[in-house]
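2 protein chains.
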Amino acid sequence: MLEDKKKFMLEAIKLSIDNVKSGKGGPFGAVVVKDGKIIATGVNGVTTSNDPTAHAEVVAIRNACKALNSFQLTGCEIYTSCEPCPMCLGAIYWARPDKWYYGNSKTDAAAINFDDSFIYDELVIPHDERKIPAIQLMQEEAQEAFKLWAKSEIKIEY
Amino acid sequence: MLEDKKKFMLEAIKLSIDNVKSGKGGPFGAVVVKDGKIIATGVNGVTTSNDPTAHAEVVAIRNACKALNSFQLTGCEIYTSCEPCPMCLGAIYWARPDKWYYGNSKTDAAAINFDDSFIYDELVIPHDERKIPAIQLMQEEAQEAFKLWAKSEIKIEY
Chain A
2 MLEDKKKFML
12 EAIKLSIDNV
22 KSGKGGPFGA
32 VVVKDGKIIA
42 TGVNGVTTSN
52 DPTAHAEVVA
62 IRNACKALNS
72 FQLTGCEIYT
82 SCEPCPMCLG
92 AIYWARPDKW
102 YYGNSKTDAA
112 AINFDDSFIY
122 DELVIPHDER
132 KIPAIQLMQE
142 EAQEAFKLWA
152 KSEIKIEY
Chain B
2 MLEDKKKFML
12 EAIKLSIDNV
22 KSGKGGPFGA
32 VVVKDGKIIA
42 TGVNGVTTSN
52 DPTAHAEVVA
62 IRNACKALNS
72 FQLTGCEIYT
82 SCEPCPMCLG
92 AIYWARPDKW
102 YYGNSKTDAA
112 AINFDDSFIY
122 DELVIPHDER
132 KIPAIQLMQE
142 EAQEAFKLWA
152 KSEIKIEY
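First to last, the sequence lines map onto chains A and B.
If you want our numbering, it's the position in the first sequence, counting the first as 1, plus 1.
If you want our numbering, it's the position in the second sequence, counting the first as 1, plus 1.
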């Protein structure tokens, strides 16, 4: 129901507002919902926890997985106050919830000087044109782990 | 020096191999280097820590930031046994190291059934064509946190 969805989004927005007021971190909040209930929340804590990966969505996903004792969010929905950056969108794909909702867009985020749009652009241009240079090294040696994985009988796929 | 770079990459590769052999997680390892020394390492621990964000690069970045007591990896280089997925590449951009090196490519990862390439593809297609649906909701209300952030005098930018 739309009313429920709005209620969950409002909670994510509330978290984002409180996070700015308290000075804890960036203006971002997220909640994870399963079976019509919020099972986990997250706010941006990059600067206070010295963790550049502590974005609201990543924190909420980690907390939800802890709550479910699982590395997958099957049957869950994520409500985030802002469209996820590539890191958080990647995290959503790895967690595999059913659906996600967002309030502000990445363009809105760019307007208050967050790098989201810039990173989206960087992801799709050739390595040698990127702002942070990337160099391939020792691919042949690196293959060893992949070969072992392919034939491993104790691996847990994800 | 190329010899040093190879030494650091070899360490990341070694971590990736050990991670498969021990059954701890996927075939991925990473190290963070500053001033010619490894200051942090990371391996994939998705299935054993029930954390879909526990990729080698994310873990190594978190550990390096903890070691430096900073949310930025200025002056650092990251060596990862495989080209980062979008989540990890996003994390690298937020951590802002000087450079990064990789062994296996994302195509190599796709060949042993990891979703990296699939997620790269999803990132650049319209929301309504994506495998995990995304819906925008309450953008106007969500703006409130951004407005507060813009005029906040206690914020720490990152």
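Positions of the beta carbon are idealized from the N, C-alpha and C atoms, including for glycine.
Item                                                                                                                                                                           : Value
Identify which residue in B:E12, B:L149, B:S50 and B:D5 has its Cα closest to the Cα of G27 of chain B.                                                                        : B:S50
What residues from chain B crowd round C66 of chain A, counting only those whose CB sits closer than 8 Å?                                                                      : N51, D52 and P53
Tell me which residues share the same chain as K25 of chain B and place their Cβ nearer than 7 Å to its Cβ, disregarding the 5 neighbours each side in the sequence.           : V44, G46 and T49
Taking a cut of 8 Å between CB atoms, which residues from the stretch 92 to 104 of chain A lie near chain B?                                                                   : A92, I93, Y94, W95, A96, R97, P98, D99, K100, W101, Y102, Y103 and G104
Output the boundary residues of the alpha helix (DSSP H) element that contains V59 of chain B.                                                                                 : A57 to L69
Give me the chain B residues within the contact set of M88 of chain A, using Cβ-Cβ distance strictly less than 7 Å, ordered along the chain.                                   : M88, G91, A92 and W95
State yes or no: is the beta carbon of P134 of chain A nearer than 8 Å to at least one beta carbon in chain B?                                                                 : yes
Could you tell me how far apart the beta carbons of Y1 of chain B and I126 of chain A are, in whole angstroms, since I believe they sit closer than 8 Å?                       : Because chain B is modelled from 2 through 159, residue 1 of chain B falls outside the range shown and cannot be assessed.
With a cut-off of 8 Å, do at least 3 Cβ pairs link the stretch 84 to 104 of chain B to the stretch 91 to 109 of chain A?                                                       : yes
Compile a chain-ordered list of the residues in the stretch 141 to 152 of chain B whose CB is closer than 8 Å to at least one CB of chain A.                                   : E142, A143, Q144, E145, A146, F147, L149, W150 and A151
Can you find a C-beta in chain C that's less than 8 Å from the C-beta of T48 of chain B?                                                                                       : Of the protein chains in this structure, namely A and B, none is chain C.
In or out: E58 of chain A buried (at least 16 other Cβ within 10 Å) or exposed?                                                                                                : buried
Given this structure, state the Cα-to-Cα distance separating I120 of chain A from I133 of chain A, to the nearest angstrom.                                                    : 11 Å
Can you find a CB in chain A that lies within less than 8 Å of the CB of S82 of chain B?                                                                                       : yes
Under 7 Å Cβ to Cβ from F72 of chain A, same chain only, skipping five residues before and after it: list those, please.                                                       : C66 and Y159
Just to confirm my understanding: we take H56 of chain A, look at its own chain, exclude 5 residues before and 5 after, and list those with CB closer than 6 Å. What are they? : N45 and C89
Kindly indicate if chain B contains any beta-carbon less than 8 Å away from that of G37 of chain A.                                                                            : no
Quick one: residues in its chain with C-beta nearer than 7 Å to the C-beta of G76 of chain B, no 5 flanking neighbours on either side, listed in chain order?                  : K35 and D99
Rounding to the nearest angstrom, what Cα-Cα distance links A146 of chain A and K148 of chain B in this structure?                                                             : 48 Å
I'd like to know whether the C-beta atoms of I14 of chain B and S82 of chain B end up nearer to each other than 8 Å.                                                           : yes
Run through chain B and tell me which residues come within less than 7 Å of T48 of chain A, C-beta to C-beta.                                                                  : F72, I157 and Y159
Take L124 of chain B and list the residues in its own chain whose beta-carbon comes closer than 8 Å to its own, dropping the five residues that flank it on each side.         : P87
What did DSSP end up calling S50 of chain B once you bin it into helix, strand or coil?                                                                                        : helix
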